[in-house]
DNA sequence: GATAACATGTACATTACCGTACACGAATAG
DNA sequence: CTATTCGTGTACGGTAATGTACATGTTATC
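Protein chains in written order, with my numbering: chain A, 1 to 252; chain B, 1001 to 1252.
Rendered as structure tokens:
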């Protein structure tokens, strides 16, 4: 917290800032916790703060007139919530909720926008993430149309797993169904198959990842594409949870 | 073309620039035509130029490993092709093609990025569009999952119609099918119904919009949401084609 | 320890698509 | 003017979902 300290946390946008830029940032950053299902931004509501996620996962949801919702993007420690505010929009176009609880550094949105306008380094870091987010939602748009529940379910689990430090995540079939935009009963059937195949285990609101390779074989190519973009050509591996088997290159 | 001239074309990003900013821009802009099905950017290829669309429509496509493609965004005179290059990415994450032929002003990508970095006005205009594009692809991701072919087909026709100056557009069932990510035969059936209801007419590669209100009633809410964002709270109406009936406010 | 609320399992008829195939008229090329 | 390609119409069996419903076990509440 003392000035001139380098950022040592997990957030990849903040970690990409040179110390001098981070110094101007840090006084405005306030650590807060992200609680399960907490609403970060509501559609059409003013964006008061932006959030640099350090742990946990947020979901970007589009909500339809009939209250059906579906996930169109996922944000973990690689990114931030509130890009559109930094881009100058007063309100959020999407609904953002906490998917998996964690922590974040919160900042006044106007102040973050000012930092973005003033610092080339901040711009670069934020724009890099914004590009990744656009690619992610484009991939998701295609995936939603072209791939099966099972493929998308496996993809979702892998994406969430990439963004947390544990193999266990709090998640009910009901909730996962609304992320995938399918029936709860459909998820129960699919999750049952994944469990019978030994890829996951679950029990009353808790899912455990047991076989990443198996899940990758089950998931559609969208996972691999997003993952490569997420890792990029950069040396960000050290910021990710340490696990033995990550994306093997024998992908089809 | 003489220096210090104000931009009088249709592109809304360029039109939003103050004269002094546009002046620095204009020498680098080269008018070109966009021909039907022309590929503007290929996935993973370097982005050499960005394009400020003046007439016609470009589509942002995600292409899967099995060569199936689907549209995840649409760009007309309200925007530009190559946002990610301006954001610092060397390559395009999506495939961009010309959907409806027209014209654009082309600019060297690196030069556009420099202008973006140097001018706050350029940044504001580009970021406003980028936000709209993110919202569009989020809406499309949800729409692809939750709405029927007929709804999405009507939505697509309206979106394209908003971006051209004519009621007639070159478009085959085959091509529209690949935009929507469905079978050609499925589009033929749906288009047949729309034609029988008098909403459109078509004939060998040419679709004519005959009843916008009827199409809006058929389309899902996604059209209205995108359209409101596209028009925004701004006074951009004068840049759009002049037609009698635009979005009535009695929408459900 | 009883009760309520929640998470999951399962079934069944229905629907909106799919993949594929084939036919026919319209535009185009020789 | 003929041959070929292209755009459209249509059919048909197959399938992956859907909406709905009800049952059972599990956790939380009091």
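Even for Gly, the Cβ is constructed at its ideal location relative to N, Cα and C.
{"Check": "Close beta carbons around residue 169 (chain A), own chain, < 7 angstroms, minus the five adjacent residues each side", "Outcome": "100, 160 and 207"}
{"Check": "Whole-angstrom distance between residue 77 (chain A) and residue 11 (chain A), CA atom to CA atom", "Outcome": "5 angstroms"}
{"Check": "Residues near residue 1135 (chain B) in its chain [Cβ-Cβ closer than 6 angstroms; skip 5 each side]", "Outcome": "1229"}
{"Check": "Interface residues of the region 84-104 of chain A facing chain B [CB-CB below 7 angstroms]", "Outcome": "84, 87, 88, 89, 93 and 94"}
{"Check": "Buried/exposed call for residue 1204 (chain B), threshold 16 Cβ in 10 Å", "Outcome": "exposed"}
{"Check": "Entirely enclosed alpha helix (DSSP H) segments - the region 1010-1045 of chain B, minimum 4 residues", "Outcome": "1012-1015 and 1019-1025"}
{"Check": "Rounded straight-line distance, which links the Cα of residue 1200 (chain B) to that of residue 1211 (chain B)", "Outcome": "7 angstroms"}
{"Check": "Proximity test, Cβ basis, 8 angstroms: residue 20 (chain A) and chain B", "Outcome": "no"}
{"Check": "Residue 82 (chain A) at chain B interface by Cβ criterion, 8 angstroms", "Outcome": "no"}
{"Check": "For residue 58 (chain A), three-class secondary structure by DSSP", "Outcome": "strand"}
{"Check": "Contact set for residue 1006 (chain B): own chain, Cβ-Cβ below 8 angstroms, skip 5 residues either direction", "Outcome": "1019 and 1022"}
{"Check": "Any C-beta of chain B under 8 angstroms from that of residue 16 (chain A)", "Outcome": "no"}
{"Check": "Completely contained alpha helix (DSSP H) runs for the region 168-220 of chain A, where each covers 4 or more residues", "Outcome": "173-180, 184-196 and 212-218"}
{"Check": "Neighbourhood of residue 308 (chain A) by C-beta distance below 6 angstroms, restricted to the same chain and skipping five residues each side", "Outcome": "As displayed, chain A neither begins before 1 nor continues past 252, which places residue 308 (chain A) out of reach and without an answer."}
{"Check": "Span of the alpha helix (DSSP H), counted from its first residue to its last, around residue 1117 (chain B)", "Outcome": "1109-1118"}
{"Check": "Member of A:42, A:119 and A:49 whose CA lies at the smallest distance from the CA of residue 24 (chain A)", "Outcome": "A:119"}
{"Check": "Three-way DSSP call (helix, strand, coil) for residue 48 (chain A) in this model", "Outcome": "coil"}
{"Check": "Contact list for residue 117 (chain A) against chain B, beta-carbon separation under 8 angstroms", "Outcome": "1120 and 1123"}
{"Check": "Rounded Cβ spacing between residue 1102 (chain B) and residue 1013 (chain B) (contact assumed at less than 8 angstroms)", "Outcome": "Not confirmed; about 15 angstroms, so no contact."}
{"Check": "Expected contact under 8 angstroms - CB spacing of residue 1193 (chain B) and residue 1221 (chain B) to nearest Å", "Outcome": "About 20 angstroms; that fails the 8 angstroms criterion."}
{"Check": "Sheet register partners of residue 105 (chain A) (DSSP bridge)", "Outcome": "A:31 and A:52"}
{"Check": "N- and C-terminal bounds of the alpha helix (DSSP H) containing residue 1085 (chain B)", "Outcome": "1083-1086"}
{"Check": "Own chain, CB closer than 6 angstroms to residue 147 (chain A), minus 5 neighbours either side, in chain order", "Outcome": "220"}
{"Check": "C-beta neighbour in chain A for residue 1249 (chain B), strict 8 angstroms", "Outcome": "A caution first: residue 1249 (chain B) carries a pLDDT of 38, below 50, which makes its placement in the model unreliable, though a value can still be read off. Chain A, which has no Cβ nearer than 8 angstroms to the Cβ of residue 1249 (chain B), makes this no."}
{"Check": "Span separating the alpha-carbon of residue 196 (chain A) from that of residue 163 (chain A)", "Outcome": "25 angstroms"}
{"Check": "Residue-chain proximity (residue 74 (chain A), chain B), Cβ-Cβ < 8 angstroms", "Outcome": "no"}
{"Check": "Interface flag, residue 1177 (chain B) vs chain A, CB-CB below 8 angstroms", "Outcome": "no"}
{"Check": "Segment limits, alpha helix (DSSP H) that includes residue 1159 (chain B)", "Outcome": "1149-1162"}
{"Check": "Simplified DSSP assignment, three categories, for residue 1126 (chain B)", "Outcome": "helix"}
{"Check": "is_contact[residue 128 (chain A), chain B] using C-beta, thresh 8 angstroms", "Outcome": "yes"}
{"Check": "Local conformation of residue 1094 (chain B) per DSSP, three classes", "Outcome": "coil"}
{"Check": "Three-state class that DSSP yields for residue 1265 (chain B) in the structure shown", "Outcome": "An answer regarding residue 1265 (chain B) cannot be provided, because it is not within the stretch 1001 to 1252 covered by chain B."}
{"Check": "Residues in the region 172-199 of chain A having any Cβ partner in chain B nearer than 9 angstroms", "Outcome": "180, 181 and 182"}
{"Check": "Local conformation of residue 134 (chain A) per DSSP, three classes", "Outcome": "helix"}
{"Check": "Extent of the continuous beta strand (DSSP E) to which residue 71 (chain A) belongs", "Outcome": "69-75"}
{"Check": "Partner residues on chain A for residue 1055 (chain B), Cβ-Cβ distance less than 9 angstroms", "Outcome": "None at all; the shortest Cβ gap to chain A is about 24 angstroms."}
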